[in-house]
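Let me begin by presenting the structure, written as structure tokens, before commenting on it.
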Amino acid sequence: MSREVTRHVLWLILFGLFILQGTIIGWLIPSAWQSAVFVAPHFTLVLILFIGLFRHRHSALIYGLLFGLLHDFIYYGSMLGVYSFGMGLTAYLAGLAQRRQPNLVFYNLLITGMGLVLFELINYGINRLFKLIDINLEFALTHYMLPSVLFNLLFALICYVPARKLLEGKRNAPSGTED
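Heads up: the sequence shown is residues 283 to 461, going by the working numbering.
Below, the structure is given as structure tokens:
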């Protein structure tokens, strides 16, 4: 698949995941669990982190800023820029961290998990700084952040191989077929 087609497919997949994460969570988590913990799906962030890992950190930064801003407009209107900043920064840092590690499944999922934790901490920190929430860090970690990170890591594990094939398609092509 050419780089241009891959880029268009990537936009469609990211937009589909953006819509999916806002609609499907109520059906995936049992209602008994939803009263004890809060799980926020970040499917677009997971794919954007993969873009940083397998493509380029600058592309991931742009995708993170744009989809984060879309997230701010659609879902969280109290303050614009929180998701945009968090998604852009974590995607860029994931791409930067991956360059120093071997390209193995364990390291990539570890970097993805650390990116998800960093995103949750940035989101919590900014909202706490501007007094939009009044929750202590321990409660937020156990009831909001860690359940969300584990849920999104499960999604990352499920979509790891297809995402890697899509994003690394050109690198693995035989040398005689490149443009």
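A virtual CB, placed ideally from N, CA and C, is assigned to each residue, including glycine.
- Taking the CA atoms as reference points, Phe433 sits about 13 Å from Leu327.
- The criterion of a C-beta distance shorter than 7 Å is satisfied by Glu402 and Met427.
- Looking from the CA of Asn409, the closest CA among Phe367, Tyr389, Arg446 and Met396 belongs to Phe367.
- Counting along the chain, Thr424 sits inside no alpha helix (DSSP H), nor does DSSP assign it H or E at all.
- In this structure, Thr372 sits near Gly397, with a CB-CB distance shorter than 7 Å.
- Collapsing the DSSP output to three states places Tyr345 in a helix.
- Only residues of its own chain outside the window of five on either side were considered, and among them Pro323 have a CB closer than 8 Å to the CB of Ile306, listed in chain order.
- Asn390 is a Cβ neighbour of Leu335, given a cutoff of 7 Å.
- Within the model, the alpha-carbon separation for Trp309 versus Ser317 is close to 14 Å.
- Within the segment 309-374, the runs of alpha helix (DSSP H) at least 4 residues long that lie entirely inside it are, in chain order, 313-316, 325-336 and 339-356.
- Considering only Ile301, Leu414 and Ile295, the residue with the shortest C-alpha distance to Ile333 is Ile295.
- Rounded to the nearest angstrom, the Cβ distance from Ile330 to Gly304 is 16 Å, too far for a contact under 8 Å.
- If the five residues before and after Arg339 are omitted, its C-beta is found closer than 6 Å to the C-beta atoms of Tyr374, Gly377 and Leu378, all from its own chain and listed in chain order.
- As the crow flies, the alpha-carbon of Gly363 is around 15 Å from that of Lys413.
- When only Cα atoms are considered, Ser313 and Phe320 end up about 11 Å apart.
- Shown here, Asn409 sits in a helix according to DSSP, grouped into three states.
- DSSP, reduced to helix, strand and coil, places Glu450 outside both helices and strands of the structure shown, so it counts as coil.
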